[in-house]
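*Asks:* Quick one: this structure, given as structure tokens, is what I'll be asking you about.
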Amino acid sequence: MALSRKTSLVREDHSVSNKSTSFAPCAGERGHVVLATKPKILFCDLRLLPGESKSLKFSDVVSTDAPPSYKGHSVKYSYKITVGTQRVGSTIRLLRIPIRVLVLPGLLENNSIPYCDNGNLGPSNPFLQNHQKHSPSDVALELLQDLTARKSENCFCITNTHGKVVRFCLFKLAYKLGEDIVGTFDFSSSAVKCVQFSVTLQSNEVLSNQKTGTVVNYSKYHEVCVFSKNTHMVLPVPLTVTPTFFTELASLQWQLHFEFVTTTTTIEAGSNEINILDNNCWRGPQSLDIETMVWDLPINICAGGSVQHAQGIQSKKNFTVVI
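Residues 582 to 904 in the numbering used here are what the sequence shown spells out, letter by letter.
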């Protein structure tokens, strides 16, 4: 786990008296601890006969302001559940179980707001007496639906020095993991001919002491649109990526990166026709005077539902430690 330089932390290896018998969850690990819950004792003096087994239940709460699981270029946040067990006369054995933590921004501020179950997005009226207090998971689901709901169309008029290129519309600017980003392009009233375009989903990792960050490309859509009046694009958001987050050390932001190839050369659809097996086919010109323009549109990527993540990601569920 990464840690800000302003925070001082005593190494766990030096804080225990005996490494072989003391429970040190992060002993031997690289990095620094930014979040650690209090240890819980599940059993003591447990004796099992041959063939006998015993099941124990463990639960804990991760703070809502904790950073999410993230493996980036300069920063890495990883979470592990450490299980320690020991036999009499033996050293302690540690079992580290990796888990994935997703953070929903704004949950800390909305945790005390009553949950609305009348079908309307957003928190319920606090002045009504018939509202019902729900669990934090219900509040988180309601907040997630409110953030990623399709509320109004967002349209952008993209132009260059020669005039209007295209009118681009998105139905929303916040998306859940595993969701498709759908946008429409309208070239019907364009003053500049667009030959082709591409849209790439990008993440931008920015450290707190830097102005520029590290850009990583994910899904990409490309289309030749020289004679298109209207078209659309679909970009899937992978389930394995990390949603948008901000910490004292770094931030992860998302954007749609557009590249438009335009031309001022007149292209006629009826010219350069050739006859192939009695079918008229159009052959494009051999050369064009083109210009390439780029544009970045910031978007927000949020966590999805737990069932959605469980179905889309296969991970190891059984772990064993030998004592």
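In this text, a Cβ means the ideal position worked out from N, Cα and C, and glycines have one as well. Quantities reported herein were computed from a predicted structural model and do not represent experimental measurements.
Excluding five sequence neighbours on each side, which residues of the same chain lie with their C-beta closer than 6 Å to the C-beta of S693?
*Replies:* Here S693 scores only 47 on pLDDT, less than 50, and its place in the model should not be relied on; the value that follows carries that caveat. Result list for S693: empty, nothing under 6 Å.
*Asks:* Give the DSSP bridge partners of G665, in chain order.
*Replies:* For G665, which the question treats as bridged, DSSP gives the partners L675.
*Asks:* According to DSSP, what are the bridge partners of T812?
*Replies:* F766
*Asks:* On a Cα-Cα basis, can you pick out the residue from L724, E723 and Y799 that is closest to I762?
*Replies:* Ranking the options by Cα distance to I762, first place goes to Y799.
*Asks:* Can you grab the Cα-Cα spacing for the pair V682 / P649, in whole Å?
*Replies:* Looking at the two C-alpha atoms, the distance is approximately 5 Å.
*Asks:* What span of residues does the beta strand (DSSP E) with P879 cover, start to end?
*Replies:* Secondary structure note for P879: its beta strand (DSSP E) is the uninterrupted segment I871 to C883.
*Asks:* Which of the three DSSP states is assigned to E849 in this structure?
*Replies:* Coil.
*Asks:* What's the C-alpha gap between D862 and L728?
*Replies:* Before going further, note that residue 862 is Cys rather than Asp in the sequence given. Those two C-alpha atoms are separated by around 48 Å.
*Asks:* Inspect the beta-carbon positions of Q783 and H838 and report whether they are closer than 8 Å.
*Replies:* yes
*Asks:* Name the one or two DSSP bridge partners that F839 has.
*Replies:* DSSP output for F839 lists V780 and W876 as bridge partner(s).
*Asks:* Using the beta-carbon count (16 or more within 10 Å), is P824 buried or exposed?
*Replies:* Result: buried.
*Asks:* Terminal residues of the continuous beta strand (DSSP E) containing C750?
*Replies:* G744 to L751
*Asks:* Near L751, what residues of its chain come up, given a Cβ to Cβ distance below 6 Å and the 5 sequence neighbours on each side ignored?
*Replies:* N735 and G764
*Asks:* Put Q791 into one of helix, strand or coil per three-state DSSP.
*Replies:* coil
*Asks:* Does the count of Cβ pairs from the region 816 to 830 and the region 861 to 878 closer than 8 Å reach three?
*Replies:* no
*Asks:* Quick one: what does DSSP say E610 is sitting in, helix, strand or coil?
*Replies:* coil
*Asks:* K732: buried (16+ other C-beta within 10 angstroms of its C-beta) or exposed?
*Replies:* exposed
*Asks:* With 16 as the cutoff for other CB atoms within 10 Å, does A884 come out buried or exposed?
*Replies:* Result: buried.
*Asks:* For L858, is the classification buried or exposed, using 16 other Cβ atoms within 10 angstroms of its Cβ as the cut-off for buried?
*Replies:* A caution first: L858 carries a pLDDT of 47, below 50, which makes its placement in the model too unreliable to give a value.
*Asks:* Look at the Cβ atom of T846, then the Cβ atom of S655, and state whether they are nearer than 8 Å.
*Replies:* no
*Asks:* Apply the 10 Å Cβ neighbour rule to L675 and answer buried if 16 or more other Cβ atoms are within range, or exposed otherwise.
*Replies:* buried
*Asks:* Checking the sheet assignment: what are the DSSP bridge partners for Q834?
*Replies:* Q834 pairs with N785.
*Asks:* Checking 8 Å against the spacing of the C-beta atoms, do T844 and D877 come in under that value?
*Replies:* no
*Asks:* Please return the same chain residues whose Cβ sits closer than 7 Å to the Cβ of V643, not counting the five positions on each side in sequence.
*Replies:* V682
*Asks:* Check each candidate in A617, L722, I662 and R628 and name the one with the smallest Cα separation from K898.
*Replies:* I662
*Asks:* Classify C775: buried if its beta carbon has 16 or more other beta carbons within 10 angstroms, exposed otherwise.
*Replies:* buried
*Asks:* According to DSSP, what are the bridge partners of D761?
*Replies:* P817
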